[in-house]
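Okay, structure first, notes after.
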Amino acid sequence: MSGRGDAAEALAATFLQGRGLKILSRNYRCRFGEIDLVAESGATLVFVEVRARRSEDYGGPAESITVAKRRRLVAAARHYLAAAGERAARFDVVLIRGEPPRIEWITDAFGEANARR
1 MSGRGDAAEA
11 LAATFLQGRG
21 LKILSRNYRC
31 RFGEIDLVAE
41 SGATLVFVEV
51 RARRSEDYGG
61 PAESITVAKR
71 RRLVAAARHY
81 LAAAGERAAR
91 FDVVLIRGEP
101 PRIEWITDAF
111 GEANARR
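Residues in the sequence shown are numbered from 1 upward in steps of one, following my numbering.
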């Protein structure tokens with residue numbers, strides 16, 4: 001991962017911790033893909049995709065989450081849940097735009113209240 005990507009994930013982790021989430025894992029990798037951050041909000045596991053763009057000349061950060069990327073995230077989350085046990089889960093997205101960075105947090109970004117779907 002690039003230094004910029006690492007910095008964006010660190011910024012997102014700090015942002016989420018400031019809003020009460022507990023970061024459990026960074027850059028969780030398995031054969032299905034990678035999850036940038038795995039957090040906990042109460043009893044709910046939160047799988048977080050972090051997207052950053054300095055400019056939107058070639059599209060914003062949200063547009064960079066393709067259907068294929070979503071499929072990989074869901075598959076990786078299922079793998080994580082297989083080891084973590086039966087838990088409520090959701091997918092959030094943290095979008096970071098510009099310099100200085102502006103952060104947008106989208107909860108339940110994929111419209112799925114449960115990663116096991």
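By construction, the Cβ of each residue, glycine as well, lies at the ideal position given by its N, Cα and C atoms.
Who pairs with valine 94 in a beta bridge, going by DSSP?
-> As DSSP reads the structure, valine 94 sits in a beta bridge with Val50 and Trp105.
Between alanine 39 and the rest of its own chain, which residues show a CB-CB distance below 7 Å, the 5 nearest in sequence each way excluded?
-> Cβ neighbours of alanine 39 beyond the five flanking positions: Leu16, Leu21, Lys22, Ile23, Leu24, Val46 and Val48.
Classify glycine 18 as helix, strand or coil using the three-state DSSP reduction.
-> Glycine 18: coil per DSSP, three-state reduction.
Kindly identify the DSSP beta-bridge partner or partners of glutamate 40.
-> In DSSP, glutamate 40 forms a bridge with Lys22 and Leu45.
Taking C-beta to C-beta, are isoleucine 103 and valine 93 nearer than 7 Å?
-> Going by C-beta atoms, isoleucine 103 is not nearer than 7 Å to valine 93.
Quick one, which of Ala109, Ile96, Gly111 and Phe110 has its alpha-carbon nearest aspartate 6's?
-> The candidate whose alpha carbon is nearest that of aspartate 6 is Ile96.
Please list, in chain order, all residues of the same chain as cysteine 30 whose beta carbon is under 7 Å from its beta carbon, the five residues on each side excluded.
-> The answer, listed in chain order, is Ala76 and His79.
Tell me arginine 29's beta-bridge partners as DSSP assigns them.
-> Bridge partners of arginine 29: Glu34.
Cβ-based burial, arginine 4 [other Cβ within 10 Å; buried from 16] = Exposed.
With distances taken between CB atoms, is the gap from aspartate 108 to arginine 87 smaller than 7 Å?
-> If you check the CB distance, aspartate 108 and arginine 87 do not come in under 7 Å.
What's the gap between the Cα of glutamate 9 and the Cα of arginine 19?
-> Straight-line Cα distance between these residues: approximately 15 Å.
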